[in-house]
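Visitor: Respectively, the protein sequence lines represent chains A and B.
18 is the number of the first residue of the first sequence in this note's numbering; add one for each residue after it.
434 is the number of the first residue of the second sequence in this note's numbering; add one for each residue after it.
Sharing a structure here in structure tokens format.
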Amino acid sequence: MGMMGWRQKARIFPRRCIIFTGLIALLIVLFTLSLCLGDFPVTLMQVLAALIGRGDETVAMVILEWRLPRSGVAILMGAALGMSGAIFQSLFRNPLGSPDIIGFDAGAFTGATLALLAGYGFIGRMAGALGAGALTSVAVYALAWKNGVQGMRLILTGIGLGQLLAAVGQWLLLSAEPETAVSVSVWAIGTLNGVETHQFFVTLGFAVVLVPVGIAQTRALRQLELGDDVAQASGLAVERARRRLVVTGGALAALSTAVVGPIAFVALIAPQQARLFMHGSGVSPAAAGLVGAALLSSADIAAQHLFGETQVPVGTVMLCLGGVWLLWMLSAWKTG
Amino acid sequence: MSGRLQIDKLILGYRQRTILRDVSTIIPDARFTAIVGANGCGKSSLLRAIVNLVPLAGGAIRLDGGAVSTMRPRDLARRIALLPQSPITPDGIIVRELVARGRFAWQARYFRDSGADAKVIDEALELTGMTLLSEAPLSELSGGQRQRAWISMVLAQQTPILLLDEPTSFLDIAHQVELMELLVFLRSIGKTIIAVLHDINQASRYADHLIALGDGGLAASGAPQEIVDASFIHRLFGLECVVIPDPVAGSPMAVASSRIIEKGAI
């Protein structure tokens, strides 16, 4: 019996270990690649030297001050979006329940736009996005409340409120000064162009707090997937757990919107792909985070280097990728 | 009659509508109790109230003397487990994974899968005969197997008391018998079973104790042999019938004598 239990366990858990290791390895490769590529080509050895504080100063500056913040932010924000998507999709038992669809991004975007129009810089934008994102989560939750909160009601409320906020955002843009409007528009697609060192550190600080908080709630998420009755009867304080998850997922989504703008599709695709890789049930926030990080890093490498001289916003690349991915999923779903 | 679970002057209802009033009863320990009654009489509500899923409008449900309504979900889940009528099966979940979720109340808050858990999960699978199917996705199992997987999950919760809401409702007759025998077996190893059953003959045959709900309250309670007769069935379901001994088990068995449900029935 014990033997058999062990063997059965062995089949599923090593698979997960292998996939986690593989994803981490992929991330390291993507990260290194993004540090090497560019107008000023750098070798792997130079990258390693710069990372440990050795080597030529000019090369170190290119790597540490120009490229590292951007690559780091791509990984952190990809992870944040993937985790946020995993939390919301699982909470709503619906792949469409990702934060970009249910209005959190729109809320954060409106807040950030207001901050930018008022003339605030990066910190103001962060504060605006986080504050408005949180407010939107609370509003969606409160509006959807009816003796507890149900998945579909939350999604529809979120879509409705999200559209409303998007309209407000557009209206703000139209009434803004042309130069501000242009810069806000580029940011509105989602871009990693011109990410600076201090932005990387601020992002890192938030991620260091939010990512473990998200991962720690994996088990609550698993119980909620069994339905509220079973979750509660198996020992989870359902409403409290759900509130905590909504706040964490909302904060992760708002954080990424604040830093890089509302990048579409990462939060939708990463959890679904992670689930395909992992087998078994449910979307693990950790796995979705890793897939999200790999996805956004790849997309940003493509955005920087695939289009020659033109620097394409990473949000545009993600829009194309996402569209193709959706069509592919739909055709697989139809035939499968 | 000793019972850790006691229901005292319970009132259940939403706003103006009272579902059950003044229900007082004791659930006998290590026995199989069936809650029976007509559709919509409050059977499921009573079951859900026991695990604190429904707010009480009055009275109390006590477990070992303490009010269930004041217990933390985690503490309650270590003593009472619930299998609802149609629980949600997460996409792609395999049997073992589902059963492991029954360990939630026993695990440290942020860690999981200790060796002890694995042993309990193995035992829960063994008890329901699901060991060989433990790696199978739930979606590929038959209705009977799926139900046994769910029962393994509540067994992994290691509670002395098990609540089941109409556990046979989606099963064919052979699987219904199999499941009822599983419940009788679980009682024989010391579990207190409380199941909502809609089939009164099934309840009479397999349960030791009946709680009959009707007319917005407790209609009767006791051993099937003592309380099930034609007037009991008529009072509960408004159906004319003849009650004869079950040819196999000897328990009371109702056979309808009139196909017309009388007006003014409960």
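Positions of the beta carbon are idealized from the N, C-alpha and C atoms, including for glycine.
Just to make sure I have the definition right: I need the residues of chain A whose C-beta is within less than 7 Å of the C-beta of Ala-538 of chain B. Which are they?
Guide: Simply Ser-251, Gly-252.
Visitor: Can you say whether Gln-187 of chain A is buried or exposed, counting buried as having 16 or more other CB atoms within 10 angstroms of its CB?
Guide: The residue in question, Gln-187 of chain A, is exposed, as its Cβ has fewer than 16 Cβ neighbours within 10 Å.
Visitor: Using alpha carbons as the reference points, say which of A:Thr-208, A:Leu-262, A:Ser-314, A:Trp-342 lies closest to Leu-241 of chain A.
Guide: Nearest of A:Thr-208, A:Leu-262, A:Ser-314, A:Trp-342 to Leu-241 of chain A, Cα basis: A:Leu-262.
Visitor: State the DSSP-derived secondary structure class of Tyr-137 of chain A, mapped to helix, strand or coil.
Guide: Three-state result, Tyr-137 of chain A: coil.
Visitor: Note down, in chain order, every chain A residue with its Cβ under 9 Å from the Cβ of Val-484 of chain B.
Guide: Residues of chain A passing the Cβ test: Asp-246, Gln-249, Ala-250.
Visitor: Using a C-beta cutoff of 9 Å, does Val-255 of chain A count as contacting chain B?
Guide: Yes - at least one Cβ of chain B is within 9 Å of the one on Val-255 of chain A.
Visitor: Along the chain, where does the beta strand (DSSP E) that runs through Phe-294 of chain A open and close?
Guide: No beta strand (DSSP E) holds Phe-294 of chain A; the alpha helix (DSSP H) holding it covers 283-295.
Visitor: Is Thr-75 of chain A helix, strand or coil when you go by DSSP?
Guide: Three-state result, Thr-75 of chain A: helix.
Visitor: Per DSSP, what are the beta-bridge partners of His-642 of chain B in this structure?
Guide: According to DSSP, His-642 of chain B bridges with B:Thr-466.
Visitor: What is the C-beta distance between Val-11 of chain A and Ala-320 of chain A, in whole angstroms, given that I count them as a contact (C-beta under 8 Å)?
Guide: It is not possible to answer for residue 11 of chain A, since the shown part of chain A is limited to 18 through 353.
Visitor: Distance, Cα to Cα, Ala-42 of chain A vs Ser-315 of chain A?
Guide: Taking the straight line joining both Cα atoms gives about 14 Å.
Visitor: Can you list, in chain order, the residues of its chain with a C-beta nearer than 6 Å to that of Ala-91 of chain A? Leave out the 5 residues immediately preceding and following it.
Guide: Hits under 6 Å: Leu-209, Leu-313, Ser-314, Asp-317.
Visitor: Cβ closer than 8 Å: which chain B residues qualify as neighbours of Leu-285 of chain A?
Guide: By Cβ distance, chain B contributes nothing, its closest Cβ being about 16 Å from Leu-285 of chain A, past 8 Å.
Visitor: Quick one: what's got a C-beta closer than 7 Å to Ile-460 of chain B's C-beta in the same chain, skipping five residues either side?
Guide: Only Gly-436, Leu-438, Thr-466, Thr-625, Ile-627 meet the Cβ criterion.
Visitor: Reducing DSSP to helix, strand and coil, say where Ser-690 of chain B ends up.
Guide: The answer is coil: DSSP assigns Ser-690 of chain B none of H, G, I, E or B.
Visitor: By how many angstroms is the C-alpha of Ala-551 of chain B removed from the C-alpha of Ala-156 of chain A?
Guide: Their backbone Cα atoms lie some 42 Å apart in a straight line.
Visitor: Taking only beta carbons into account, state which residues of the region 225-245 of chain A come closer than 7 Å to chain B, listed in chain order.
Guide: From the region 225-245 of chain A, only Ala-233, Arg-236, Arg-239, Gln-240, Glu-242, Leu-243, Gly-244 have a Cβ closer than 7 Å to chain B.
Visitor: Go ahead and pull the three-state DSSP assignment for Ala-551 of chain B.
Guide: Looking at Ala-551 of chain B - three-state DSSP - the assignment turns out to be helix.
Visitor: Pro-288 of chain A and Ser-107 of chain A: beta carbons closer than 9 Å?
Guide: Cβ distance < 9 Å, so Pro-288 of chain A and Ser-107 of chain A count as in contact.
Visitor: May I have a chain-ordered list of the beta strand (DSSP E) segments no shorter than 3 residues that lie completely inside the region 595-661 of chain B?
Guide: For the region 595-661 of chain B, whole beta strand (DSSP E) runs of length 3 or above, ordered along the chain, are 625-629, 642-647, 650-655.
Visitor: Short of 7 Å in beta carbon distance, which residues of its chain neighbour Lys-26 of chain A, apart from the five on each side in sequence? Order them along the chain.
Guide: Residue placement at Lys-26 of chain A is flagged as unreliable, the pLDDT there being 47, under the threshold of 50; the coordinate-derived value follows with that caveat. Cβ within range, chain order: n/a, list empty.
Visitor: Would you identify the three-state DSSP class for Lys-442 of chain B, choosing helix, strand or coil?
Guide: In the structure shown, Lys-442 of chain B sits in a strand (DSSP, three-state: E or B).
Visitor: Are any of the Cβ atoms in chain B nearer than 9 Å to that of Gln-187 of chain A?
Guide: For Gln-187 of chain A, the answer is no, since every Cβ of chain B falls outside 9 Å of its Cβ.
Visitor: Who are the Cβ neighbours of Pro-600 of chain B in its own chain at under 7 Å, not counting the five residues just before and after it?
Guide: The answer, listed in chain order, is Leu-516, Gln-580, Leu-612, Ala-628.
Visitor: Have a look at Ala-224 of chain A and Ala-270 of chain A and give me their C-alpha separation to the nearest angstrom.
Guide: Approximately 11 Å, taken between the alpha carbons.
Visitor: Let me know the secondary structure DSSP gives Ile-521 of chain B once reduced to three states.
Guide: Reduced to three states, the DSSP call for Ile-521 of chain B is coil.
Visitor: Any residues in the region 439-456 of chain B with a beta carbon nearer than 7 Å to a beta carbon of chain A? Which ones, in chain order?
Guide: Answer in chain order: no residues at all.
Visitor: Based on Cα-Cα distance, which residue from B:Asn-485, B:Gly-446, B:Ala-493, B:Gly-475 lies nearest to Thr-458 of chain B?
Guide: Ranking B:Asn-485, B:Gly-446, B:Ala-493, B:Gly-475 by Cα distance to Thr-458 of chain B puts B:Ala-493 first.
Visitor: Under three-state DSSP, which class holds Leu-457 of chain B?
Guide: The question names Leu, but residue 457 of chain B is Ser in the sequence shown. Strand at Ser-457 of chain B.
Visitor: Mind listing, in chain order, the continuous beta strand (DSSP E) runs of no fewer than 3 residues lying wholly within the region 217-275 of chain A?
Guide: Listed in chain order, there is nothing to give.
Visitor: Taking C-beta to C-beta, are Val-501 of chain B and Val-484 of chain B nearer than 9 Å?
Guide: Going by C-beta atoms, Val-501 of chain B is nearer than 9 Å to Val-484 of chain B.
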